[in-house]
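*Asks:* Sharing a structure, written as structure tokens. Questions coming.
2 protein chains.
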Amino acid sequence: MYQDHIVIDGLQYSHWDRNYFKMLQASGINAVHATLVYHEDARQTMTRFAEWNSRFEQNSDLILPVYSVTDIETAKQQGKVGIFFGAQNCSPIDDEIGLISVMRRLGLLIMQLTYNNQSLLATGCYEQNDSGITRFGQQAIVEMNRVGMIIDMSHSAEQSTLEAIEISKRPICISHANPTTAHEALRNKSDTVISALTKAGGLLGFSLYPFHLPNGSDCTLNDFCTMIADCADKYGVEHLAIGSDLCLNQPQAVLEWMRNGRWSKEMDYGEGNANNSGWPDTLPWFAGKDGMENIYNGLLKHGFNDKDAGKIIGQNWFDFLESGIKPIA
Amino acid sequence: MYQDHIVIDGLQYSHWDRNYFKMLQASGINAVHATLVYHEDARQTMTRFAEWNSRFEQNSDLILPVYSVTDIETAKQQGKVGIFFGAQNCSPIDDEIGLISVMRRLGLLIMQLTYNNQSLLATGCYEQNDSGITRFGQQAIVEMNRVGMIIDMSHSAEQSTLEAIEISKRPICISHANPTTAHEALRNKSDTVISALTKAGGLLGFSLYPFHLPNGSDCTLNDFCTMIADCADKYGVEHLAIGSDLCLNQPQAVLEWMRNGRWSKEMDYGEGNANNSGWPDTLPWFAGKDGMENIYNGLLKHGFNDKDAGKIIGQNWFDFLESGIKPIA
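As they're listed, the protein sequences go chains S and V.
The first sequence begins at 1 in my numbering and counts up by one.
The second sequence begins at 330 in my numbering and counts up by one.
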């Protein structure tokens with residue numbers, strides 16, 4: 001049964017308010033990886049934490065912060081939604097390796113090394129040339145391994161991703177992307193990458209952002225589950241999860257912040273274009289409160305047994321977090 | 330016996346290096362309230378935490394961070410020194426109330442509302458006019474009470490201190506200062522303040538900074554213990570502790586940072602003057618590894634029993650922390 005499983009969405013950036021938390025609670029999701037920042041620097045990241053502390057205070061009947069997987073279990077027991085934090089970029093550490101442990105203490109459990117562009121640590125997936133993991137990046141990976149901050153390469157370029165997998169002594173994740181074999185997109189990942197990722201014990205979260213999906217906003221539940229079933233055959237079910245990339249109720253300004261940050265004077269359209277610059281239409285079978293349960297049922301229909309469907313909708317994230325965020329003594 | 334007690338020094342700002350940690354360990358001190366910042370803003374405070382994380386990593390055989398009093402017990406059991414953090418000013422929160430919970434999460438257990446000067450929250454003890462707790466200060470006190478961050482008024486002016494005691498729903502501390510009845514100084518506290526503080530359940534840590542002491546650097550152990558004994562009679566032994574204000578092995582530049590921060594182009598001499606602008610000579614019976622044990626023995630000679638001497642050298646700080654840093658649910 002859906003309700004028996006720990007359900008985790010491995011990436012969202014919706015408009016976080018009380019109504020949305022109620023929707024999450026009703027969805028049966030026990031924990032969400034919430035994007036804390038896109039381009040915010042260290043100082044601004046503190047303000048984002050402060051804003052979340054205020055949400056936790058005002059909605060303590062609905063949500064709680066996740067500092068360890070025990071908090072996810074508590075959330076499930078109490079019928080609340082655990083929120084764990086990730087950064088989509090390495091901007092929270094500025095140029096300072098010491099801030100990795102500081103951010104980890106604040107509850108930043110996951111950090112991408114780059115968001116689309118070249119960063120101080122690695123190359124993003126929209127750059128023309130991928131120079132791989134930088135000198136600072138190599139140090140940062142070692143430190144992230146030490147403190148138990150999970151490396152996420154969702155928005156990184158291929159060579160950088162392969163090198164991160166190689167350098168990291170702990171499994172890494174691609175929290176939200178799909179295989180290019182299912183849909184060709186700069187943000188999706190090649191078989192080479194997913195093979196290396198999963199062979200090293202890593203986790204792939206399937207995205208439900210229409211630009212990453214076969215047939216875009218017309219992607220059916222069947223299309224989506226077929227993609228998962230193919231990957232389960234190729235890479236093993238224990239490496240697969242959901243990272244929906246759901247961005248509900250956000251204005252266009254947020255999309256522009258995600259895409260442009262402070263770095264460009266020209267509009268960047270991501271995987272869209274000038275004639276298609278807005279939020280893509282959400283998937284009707286996913287955006288509502290039954291989204292995760294629909295996936296669960298879809299997986300059962302595709303021949304997954306209850307246990308394996310449960311792994312994909314949350315248990316794999318739980319296990320990955322449990323081992324991934326333990327500091328090395 | 331000295332060794333049976335939990336020993337806590339309620340304020341130090343020494344030059345923190347491995348040799349000094351060994352000295353602390355040898356002194357039998359189980360925990361030290363380390364000043365994290367004087368004038369550093371939020372961003373710079375993160376770097377101070379990062380520097381400490383590096384010290385914890387490199388000296389994990391000697392020191393550990395204190396996030397709750399359990400960590401102090403662990404330190405004692407393991408023969409290590411627990412480090413708990415305080416700010417001598419409200420600069421770590423910039424102008425943002427939300428940063429109180431963020432700093433608390435990072436381990437800032439104690440914060441002064443002001444350091445000598447007017448701050449955004451209150452008036453410092455060197456200002457000519459004391460306008461009391463500000464509008465922001467009132468909000469900050471409520472928030473510090475909520476998250477379990479202890480209010481420290483060591484460097485604050487009289488009216489501000491009395492108002493902080495009144496407004497705060499939890500006992501506050503003066504972590505390092507002495508009674509003006511023992512020695513007249515802008516940094517020392519009147520009977521009015523100490524009476525109000527202790528009646529409200531607060532804690533006074535006696536300072537060993539020569540400018541705060543009767544006879545300055547010539548203050549004897551006997552002078553010091555007489556001061557404590559007088560206070561025990563007046564205010565009750567359960568409100569008394571040690572906050573040595575020990576600043577060992579620091580260069581003149583650090584003294585100037587403490588006094589001048591970024592706020593003055595002219596030299597500020599604190600309680601010194603142009604002809605006496607350096608660090609005062611330390612007390613020979615305190616600055617070495619036997620300092621706290623000397624105080625313990627001095628207290629016994631002054632008629633304190635073992636239990637009460639133990640309260641003063643650490644148990645009172647332990648109990649005060651235990652209740653003071655628990656967040657209000």
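The beta-carbon is built from N, C-alpha and C at its ideal position, and this holds for glycine as well.
1) Could you pull out every unbroken beta strand (DSSP E) segment of at least 3 residues lying fully inside the segment 102-178 of chain S, listed in chain order?
2) Output yes if chain V places a C-beta closer than 8 angstroms to the C-beta of E153(S); else output no.
3) Comparing the CB of N129(S) with every heavy atom of the ligand HEM, is any distance shorter than 7 angstroms?
4) Just to make sure I have the definition right: I need the residues of chain S whose C-beta is within less than 8 angstroms of the C-beta of L435(V). Which are they?
5) N602(V) to T374(V), Cα distance in whole Å?
6) Just to confirm the assignment, what range does the alpha helix (DSSP H) spanning D9(S) have?
7) What residues from chain S crowd round S383(V), counting only those whose CB sits closer than 9 angstroms?
8) Between the segment 354-379 of chain V and chain S, which residues of the former have a C-beta closer than 7 angstroms to a C-beta of the latter?
9) Out of E425(V), L353(V), S343(V) and N348(V), state which residue places its alpha-carbon closest to the alpha-carbon of T47(S).
10) Buried or exposed for Q417(V), going by 16 or more other Cβ atoms inside 10 Å?
11) Let me know the secondary structure DSSP gives L186(S) once reduced to three states.
12) Do you know offhand how far G216(S)'s Cα is from R591(V)'s?
13) Per DSSP, A416(V) forms a beta bridge with which residues?
14) Can you have a look at R347(V) and say buried or exposed, based on whether 16 or more other CB atoms are within 10 angstroms of its CB?
15) By DSSP's criteria, G82(S) is part of a beta bridge. Which residues make up the other side?
16) What are the start and end residues of the beta strand (DSSP E) that includes L204(S)?
17) Since Y20(S) contacts N249(S) with CB under 8 angstroms, what's their CB separation in whole angstroms?
18) Exposed or buried, what is H15(S) when buried is set at 16 or more other beta-carbons lying within 10 Å of its beta-carbon?
19) Given 8 angstroms as the limit, is there contact between the segment 391-402 of chain V and the segment 454-464 of chain V, that is, 3 or more CB pairs closer than that?
20) Does DSSP put I426(V) in a helix, in a strand, or in coil?
21) Does the beta-carbon distance from T452(V) to S483(V) come in below 8 angstroms?
22) Report the option in P210(S), C173(S), S160(S) and G278(S) whose CA atom is closest to the CA atom of H183(S).
23) Relative to the C-alpha of E495(V), which residue among S420(V), G466(V), E567(V) and F647(V) is closest?
24) Taking a contact to mean a Cβ-Cβ separation below 8 angstroms, would you say G86(S) touches H33(S) in this structure?
25) Rounded to the nearest angstrom, how far is the Cβ of H541(V) from that of N589(V), given a contact under 8 angstroms?
26) With respect to the beta strand (DSSP E) encompassing I677(V), which residues constitute its N-terminal and C-terminal limits?
27) Assuming A247(S) contacts Y13(S) under a Cβ cut-off of 8 angstroms, what Cβ separation, rounded to an integer in Å, is found between them?
28) Report the option in E567(V), M473(V) and Y396(V) whose CA atom is closest to the CA atom of A360(V).
29) Are three or more beta carbon pairs between the segment 285-295 of chain S and the segment 112-121 of chain S nearer than 8 angstroms?
30) Return the first residue and the last residue of the alpha helix (DSSP H) that L584(V) is part of.
31) Figure out for me which residue from Q139(S), I328(S), G132(S) and L283(S) has the closest Cα to the Cα of L221(S).
*Replies:* Here's the rundown:
1) 108-112 and 150-152
2) Correcting the residue identity first, residue 153(S) is Met in this sequence and not Glu. No, M153(S) lies away from the interface with chain V (no Cβ there is under 8 angstroms from its Cβ).
3) As presented, the structure is devoid of all ligands, the ligand HEM included, so that no description of it is given.
4) V102, R105 and L106
5) 29 angstroms
6) No alpha helix (DSSP H) holds D9(S); the beta strand (DSSP E) holding it covers I8 to Q12.
7) G98 and S101
8) A371, R372, M375, T376, F378 and A379
9) E425(V)
10) buried
11) coil
12) 56 angstroms
13) V366(V) and M440(V)
14) exposed
15) A31(S) and L64(S)
16) L203 to F206
17) 7 angstroms
18) exposed
19) no
20) coil
21) no
22) P210(S)
23) G466(V)
24) yes
25) Not confirmed; about 20 angstroms, so no contact.
26) Any property of residue 677(V) remains undetermined from this structure, which presents chain V solely from 330 to 658.
27) Here the sequence assigns Cys to residue 247(S), which means Ala is not the residue at that position. Between Y13(S) and C247(S) the Cβ distance is about 5 angstroms, and since that is below 8 angstroms, they are a contact.
28) Y396(V)
29) no
30) Q581 to N589
31) L283(S)
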